[in-house]
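Counting along the sequence shown from 1, when you hit position 46 you're at 46 in UniProt numbering, and nothing is skipped either side. Here is the structure we will look at, set down as structure tokens.
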Amino acid sequence: LRLNSVRELEDVVIDAIYNKFIKARLDSKGQFIEIDDWASRDTPAATIPAVIASLNDFARRVVDVRSNAVEDANRRDAQVVADRKRLQQAEAELAAARKALDESMMATMNSHEPSTSVRSKTSRSARQRPSQATPTNK
């Protein structure tokens, strides 16, 4: 039909309904047509090869569209798989970096812990606070 818009197709369908070629219900919003009945017409024998050629051309275009859609879907699937692989790799690298950071922090903390040194450690009970000093006789 070589129509450029949905509106042009709707006009063709509306004309066919008014000329009683078809009994149909057209839903513009849902973008579909439901055909209940149609008037048959004899096709002249001379036009049959053109009809066949037109249908074959249509079938080829359908195959091309389907092929392009499948190629596009495969390309997108491959991209999704690659993206997921990159995400998993990044997550693994992040986990390794976090682990290395945790280990580094633990090593740093352990190296700064006071060790048993030469200074004497007196227990708290052995030390007296100035306010707790024993009274002296005056």
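Here a beta-carbon is modelled for each residue, glycine too, at the ideal position from N, C-alpha and C.
8 Å contact criterion, which A24 and E8 should meet: CB distance rounded: Against the sequence shown, residue 24 aligns to sequence position 24. Against the sequence shown, residue 8 aligns to sequence position 8. Contact flag wrong, Cβ pair sits at about 17 Å.
At which residues does the alpha helix (DSSP H) containing F32 begin and terminate? Residue numbering aside, residue 32 sits at position 32 when the sequence shown is read from its first letter. Element bounds for F32: not the alpha helix (DSSP H) but the beta strand (DSSP E), 32-38.
Count the CB pairs spanning the stretch 15-24 and the stretch 38-46 that are closer than 8 Å, and state whether there are at least three. yes
Indicate whether V6 and Q31 have their beta-carbon atoms separated by less than 9 Å. What you label residue 6 is simply residue 6 of the sequence shown in a count that begins at 1. What you label residue 31 is simply residue 31 of the sequence shown in a count that begins at 1. A contact, by the Cβ cut-off of 9 Å.
Under the three-state DSSP convention, the category D42 falls into: Numbered from its first residue, the sequence shown carries residue 42 at position 42. The answer is coil: DSSP assigns D42 none of H, G, I, E or B.
Using the C-alpha atoms, what's the distance from S104 back to S117? Position 117 of the sequence shown holds residue 117. Position 104 of the sequence shown holds residue 104. Confidence at S117 is low in this model, with a pLDDT of 49, below 50, so the placement of that residue is unreliable and no value is reported for it.
Which of the three DSSP states, helix, strand or coil, is assigned to S120? Start at 1 with the first residue of the sequence shown, and residue 120 comes out as number 120. Per-residue confidence for S120 stands at a pLDDT of 49, beneath the threshold of 50, marking its modelled position as unreliable; the derived number appears in the next sentence. DSSP places S120 outside both helix and strand once states are collapsed to three, so it counts as coil.
Straight-line gap, A50 to V62 (C-alpha atoms, nearest Å): Reading the sequence shown from its first residue, position 50 is the one you call residue 50. Reading the sequence shown from its first residue, position 62 is the one you call residue 62. Distance between the alpha carbons of A50 and V62: 18 Å.
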